[in-house]
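**Student:** Sharing a structure with you now.
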Amino acid sequence: MKTIYVTITGTDFCCGLDFFRRHDALILKKEPKNEWDREAIAVYREGLGKVGYVANSPKTVLGESYSAGRLYDKIGKKATARVEVITDKGVLCKVKGPFKD
Numbered sequence: 001m002k003t004i005y006v007t008i009t010g011t012d013f014c015c016g017l018d019f020f021r022r023h024d025a026l027i028l029k030k031e032p033k034n035e036w037d038r039e040a041i042a043v044y045r046e047g048l049g050k051v052g053y054v055a056n057s058p059k060t061v062l063g064e065s066y067s068a069g070r071l072y073d074k075i076g077k078k079a080t081a082r083v084e085v086i087t088d089k090g091v092l093c094k095v096k097g098p099f100k101d
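In full-length UniProt numbering, the protein residues as written are 1 to 101.
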């Protein structure tokens, strides 16, 4: 099975980076009715609610991680992810499968 990583951005609008810890469990939920991005995937953390979004711009996607657009059709309505690396430019997470082809 292929390993898929995503970058979490938009944390400044929610709770910042201080609340993230390595290995934190996160929930990724599609937001098909998002008025700014029809491929938006919101990121939630238990106890905090929405903490950001999966990056969907070349300026915000770190390294070779997937953008929300690349990930969107590979997951169902929601998926889980685990925090791997925290940087000042975003949070890199490993997405858990299974993934659609």
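Glycine included, C-beta positions come from ideal geometry on N, C-alpha and C.
Report the residue from 63, 36, 19 and 61 whose alpha carbon sits nearest the alpha carbon of residue 44.
**Tutor:** Among 63, 36, 19 and 61, the Cα nearest to that of residue 44 belongs to 19.
**Student:** Rounded to the nearest angstrom, how far is the Cβ of residue 7 from that of residue 92, given a contact under 8 Å?
**Tutor:** 6 Å between Cβ atoms; contact.
**Student:** Are the CB atoms of residue 41 and residue 33 within a distance shorter than 8 Å?
**Tutor:** Result no, Cβ atoms of residue 33 and residue 41 do not sit closer than 8 Å.
**Student:** Can you list, in chain order, the residues of its chain with a C-beta nearer than 7 Å to that of residue 52? Leave out the 5 residues immediately preceding and following it.
**Tutor:** Closer than 7 Å at the Cβ level, and outside the excluded window around residue 52, lie 8, 9, 10, 11, 14 and 43.
**Student:** Please look up how many angstroms separate the CB atoms of residue 75 and residue 28, rounded, as I've assumed it's under 8 Å.
**Tutor:** Contact holds; Cβ gap of about 7 Å.
**Student:** Whole-angstrom Cβ separation of residue 95 and residue 79, contact assumed at under 8 Å?
**Tutor:** Indeed they touch by this definition, with Cβ atoms about 6 Å apart.
**Student:** Looking at C-alpha atoms only, which residue of 49, 38, 98 and 22 is the closest neighbour of residue 55?
**Tutor:** Closest by alpha carbon: 38.
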